[in-house]
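Below is one structure, written out as structure tokens, with a few remarks after it.
2 protein chains.
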Amino acid sequence: MKRVSIKDVAKEAGVSVATVSYVINNTPNQSISDETSLRIRKAVTKLNYIPNLNARSLASRKTNLIGVVIPQTEPGKEFMFSNPFYGDLLSSIEYTARQHSYHLLLSGPEPNQSYINIARNRSVDGIIIVGAYPTKGLDELRQLDIPVVLVDTYVKDPVYHTVGIDDRLGGKMATAYLIEKGHSKIAFVSGQIEEQGVMQKRFQGYRDALEDAGIPFHQDFVYLGNISFEYAQATADEMLRRGRIETAAFASADILGMGLIKGLRRQGFHVPEDLSIVGFDDVSLAQMADPSLTTVRQDISAKGKTAVQFILDAVSGNIEKQEKILPIHIVERESVKNL
Amino acid sequence: MKRVSIKDVAKEAGVSVATVSYVINNTPNQSISDETSLRIRKAVTKLNYIPNLNARSLASRKTNLIGVVIPQTEPGKEFMFSNPFYGDLLSSIEYTARQHSYHLLLSGPEPNQSYINIARNRSVDGIIIVGAYPTKGLDELRQLDIPVVLVDTYVKDPVYHTVGIDDRLGGKMATAYLIEKGHSKIAFVSGQIEEQGVMQKRFQGYRDALEDAGIPFHQDFVYLGNISFEYAQATADEMLRRGRIETAAFASADILGMGLIKGLRRQGFHVPEDLSIVGFDDVSLAQMADPSLTTVRQDISAKGKTAVQFILDAVSGNIEKQEKILPIHIVERESVKNL
DNA sequence: TGATTTTACTGAAACGGTTAAGTGATTTGA
DNA sequence: TCAAATCACTTAACCGTTTCAGTAAAATCA
Numbered sequence: 025m026k027r028v029s030i031k032d033v034a035k036e037a038g039v040s041v042a043t044v045s046y047v048i049n050n051t052p053n054q055s056i057s058d059e060t061s062l063r064i065r066k067a068v069t070k071l072n073y074i075p076n077l078n079a080r081s082l083a084s085r086k087t088n089l090i091g092v093v094i095p096q097t098e099p100g101k102e103f104m105f106s107n108p109f110y111g112d113l114l115s116s117i118e119y120t121a122r123q124h125s126y127h128l129l130l131s132g133p134e135p136n137q138s139y140i141n142i143a144r145n146r147s148v149d150g151i152i153i154v155g156a157y158p159t160k161g162l163d164e165l166r167q168l169d170i171p172v173v174l175v176d177t178y179v180k181d182p183v184y185h186t187v188g189i190d191d192r193l194g195g196k197m198a199t200a201y202l203i204e205k206g207h208s209k210i211a212f213v214s215g216q217i218e219e220q221g222v223m224q225k226r227f228q229g230y231r232d233a234l235e236d237a238g239i240p241f242h243q244d245f246v247y248l249g250n251i252s253f254e255y256a257q258a259t260a261d262e263m264l265r266r267g268r269i270e271t272a273a274f275a276s277a278d279i280l281g282m283g284l285i286k287g288l289r290r291q292g293f294h295v296p297e298d299l300s301i302v303g304f305d306d307v308s309l310a311q312m313a314d315p316s317l318t319t320v321r322q323d324i325s326a327k328g329k330t331a332v333q334f335i336l337d338a339v340s341g342n343i344e345k346q347e348k349i350l351p352i353h354i355v356e357r358e359s360v361k362n363l
Numbered sequence: 025m026k027r028v029s030i031k032d033v034a035k036e037a038g039v040s041v042a043t044v045s046y047v048i049n050n051t052p053n054q055s056i057s058d059e060t061s062l063r064i065r066k067a068v069t070k071l072n073y074i075p076n077l078n079a080r081s082l083a084s085r086k087t088n089l090i091g092v093v094i095p096q097t098e099p100g101k102e103f104m105f106s107n108p109f110y111g112d113l114l115s116s117i118e119y120t121a122r123q124h125s126y127h128l129l130l131s132g133p134e135p136n137q138s139y140i141n142i143a144r145n146r147s148v149d150g151i152i153i154v155g156a157y158p159t160k161g162l163d164e165l166r167q168l169d170i171p172v173v174l175v176d177t178y179v180k181d182p183v184y185h186t187v188g189i190d191d192r193l194g195g196k197m198a199t200a201y202l203i204e205k206g207h208s209k210i211a212f213v214s215g216q217i218e219e220q221g222v223m224q225k226r227f228q229g230y231r232d233a234l235e236d237a238g239i240p241f242h243q244d245f246v247y248l249g250n251i252s253f254e255y256a257q258a259t260a261d262e263m264l265r266r267g268r269i270e271t272a273a274f275a276s277a278d279i280l281g282m283g284l285i286k287g288l289r290r291q292g293f294h295v296p297e298d299l300s301i302v303g304f305d306d307v308s309l310a311q312m313a314d315p316s317l318t319t320v321r322q323d324i325s326a327k328g329k330t331a332v333q334f335i336l337d338a339v340s341g342n343i344e345k346q347e348k349i350l351p352i353h354i355v356e357r358e359s360v361k362n363l
């Protein structure tokens, strides 16, 4: 089954391939008579011609593809969205990209953390990396001259665009909110804290709030595992075993808050009566929880949209580096009670 | 900033481009001396050469890309994973693909339902479509000779590979389980029921079970909206307003079950005391629900893996059509009580 | 009316690889 | 010892587009 190419169309319409190319792309500043144009279009439909995107990309050095790499939250696990934040974010990215007739080239992390594989020589027009930590993987990318936007990454760099939130402030807001409600024994539960990662910032915010309020920091109140429902459940068990010292917890991701709720309930305890919880992100799940989760809301949809927009801007020639810190705020729901 | 191409490497190493190509691909049945090979590799690292994937794809007619199209559950909404089933499935697909060094080209539905856009002339090696209904979109695809696997799609076709489950059986199992527990006033809640879609099958199963048990079917017991948490919550309200006639509900997707639980609780009612619920899919959320959701479990991970495997098989020359019906079973959790 | 611009094309050189078909030199086999 | 096979490469055609630089004819201008 021979594939039909632009040549076949040209032959069918009795014109040169260049002309065909001009009409199917309706290239500006090219004058083609209506008559010829029509003839070519007819030939296209008749032969059912579909342009080869690889050839097109090769010639035009434009792929209409945005690479998106999302880290695994639990290394080695196949489940990419164990933190639902990533699912929500990806949705938004995909939606925005599609509006601009871009597609997404999706990838989990390459085994060697080498983002470059996905961005290989003009295989994508731009690349969005979410939640990377400063690694050599990022440096490699620099060699390409393709636009990169780093989402939720704290890396000082003169070139990469960034979009994120003030995670430290967020952590502080969450914790301060709890303090305001009368709590002083406040757990911090999170995944591993990577240097310069968002979780580290949120942790700093937690400590900031404590310090501001003159509450001593207790290392025992910090629970570090990974960002998953299961870990949070286990953490609840652990807190119970230790005798329920804390009256509140700041869960650095909503999914952790949900795990806490469930873990507690499993043992007959209740949120917020036995433990007040504030989460982070306001993923769509947060309102589904029972009790629904009081959380630090960030506009995930805007985050995705902005990231795509930065790529688009860069592709269309905007040379300057863009940075965006999106606003956050507490949304009060049911998981916190006054002490 | 000039891009380095295979020619530069060839020049640097003092060999022809063909030789370079052979070395970097280590093409079988080509003998290259260790010496030359080493020299070329050195040149590659020195110049930091990265092959252009578009050129490679063009020449080799292989892209190492699998197109994945996921329908919007709520048209016009940007949120692709409002049914978390898709997120779970995508995770699995991505993971499996990556194991075989494939990447994913992700797309929501094109406005015109034309899947062909994503699959354009050899732009992907294969395409996985999940939850399509028989449309002209599918027919268009046929013109390309690229492998297609349809996930959760009931379409009789001599060419497309399919992977799915027996949704009708699943619906029957869920309903029969409820009947077995003593229920006879059983609601069916679902999204719109598309002709030949999975929800229709599950609905048929629901009716099958009713019929087998000699329980009359009540149209009032069926609630059709869309597959979203919000809709299920609204449905709970509606059931309450009608005076709680049903004692149980078969939610044709877990997210609906979760919405029901929450909706009920919001009004002071409880699951399973006031309503028994069985869900469908066993998405990772199902066990996070409170009470955790009794549901018809399907192996979402296997589904994704199988879909990718079918593409891989087809790409590597396996000509015959493959079909897989994965097993399902009830997993008993907390959302159903004996009447 | 002749010079100039515009219109409607065409030719061919990229784009950056892959791969079938050579081609000499060196090994091997009998 | 010599033909045949193997080794280590190279040549060049090809993949299917885009796009720059023409070019002849038609239209416009002074």
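Protein chains in written order, with my numbering: chain L, 25 to 363; chain Y, 25 to 363. All C-beta atoms in this analysis are idealised placements derived from N, C-alpha and C, irrespective of residue type, glycine included. Every value quoted in this text rests on a predicted model; they were computed, and no experiment measured them.
Given that a residue counts as buried once 16 or more other Cβ atoms are within 10 Å of its Cβ, and exposed if not, what is residue i?
| i | result |
| --- | --- |
| Y:Asn76 | buried |
| L:Asn342 | exposed |
| L:His124 | exposed |
| Y:Pro296 | buried |
| Y:Ala83 | exposed |
| L:Leu62 | exposed |
| L:Asn49 | exposed |
| Y:Pro240 | exposed |
| L:Val179 | exposed |
| L:Ile170 | buried |
| L:Gln311 | buried |
| L:Glu235 | exposed |
| Y:Gln54 | exposed |
| Y:Gln291 | exposed |
| Y:Lys16 | Nothing can be reported for residue 16 of chain Y: it is not among the residues displayed for chain Y, which extend from 25 to 363. |
| Y:Gln216 | exposed |
| Y:Ile153 | buried |
How is residue i classed by DSSP in three states: helix, strand or coil?
| i | result |
| --- | --- |
| L:Thr319 | strand |
| L:Tyr126 | coil |
| L:Asp232 | helix |
| Y:Ser364 | Limits of chain Y in this structure are 25 at one end and 363 at the other, which puts residue 364 of chain Y out of reach. |
| L:Lys180 | coil |
| Y:Ala83 | helix |
| L:Ser325 | helix |
| Y:Phe274 | strand |
| Y:Asp32 | helix |
| L:Val302 | strand |
| L:Val332 | helix |
| L:Ser308 | helix |
| L:Ile90 | strand |
| Y:Val39 | coil |
| L:Ile239 | coil |
| L:Val355 | strand |
In the DSSP assignment, what residue or residues form a beta bridge with residue i?
| i | result |
| --- | --- |
| Y:Glu347 | Y:Thr186 |
| Y:Tyr247 | Y:Val213 |
| L:Val173 | L:Ile152, L:His185 |
| L:Ser340 | None, per the DSSP bridge assignment. |
| Y:Ser131 | Y:Val93 |
What does residue i reach in chain L if we use C-beta pairs closer than 7 Å?
| i | result |
| --- | --- |
| Y:Met263 | What Y:Met263 touches in chain L: nothing, since even the nearest Cβ is about 18 Å away. |
| Y:Phe253 | Met312 |
| Y:Arg357 | Simply none; closest approach about 12 Å. |
| Y:Ser116 | Glu102 |
Which residues in chain L have a C-beta closer than 8 Å to the C-beta of residue i? List them in chain order.
| i | result |
| --- | --- |
| Y:Thr87 | Asn78 |
| Y:His127 | Leu129, Leu130, Ser131, Ile142 |
| Y:Pro334 | The question names Pro, yet the displayed sequence has Phe at residue 334 of chain Y. Correct list: empty, because the minimum Cβ distance to chain L is about 18 Å. |
Residue i versus chain Y: which residues are under 9 Å apart at the beta carbon?
| i | result |
| --- | --- |
| L:Phe227 | Simply none; closest approach about 24 Å. |
| L:Lys286 | Gln311, Met312, Ala313, Asp314, Ser316 |
Show which residues of chain Y have a CB atom less than 8 Å away from the CB atom of residue i.
| i | result |
| --- | --- |
| L:Ser147 | Asn76, Leu77, Asn78 |
Which residues of chain Y have a Cβ atom closer than 7 Å to the Cβ of residue i, listed in chain order?
| i | result |
| --- | --- |
| L:Phe105 | Gly111, Ser115 |
- prompt: What residue ranges within the stretch 41-76 of chain Y form continuous beta strand (DSSP E) runs of no fewer than 3 residues, ordered along the chain?
  reply: none
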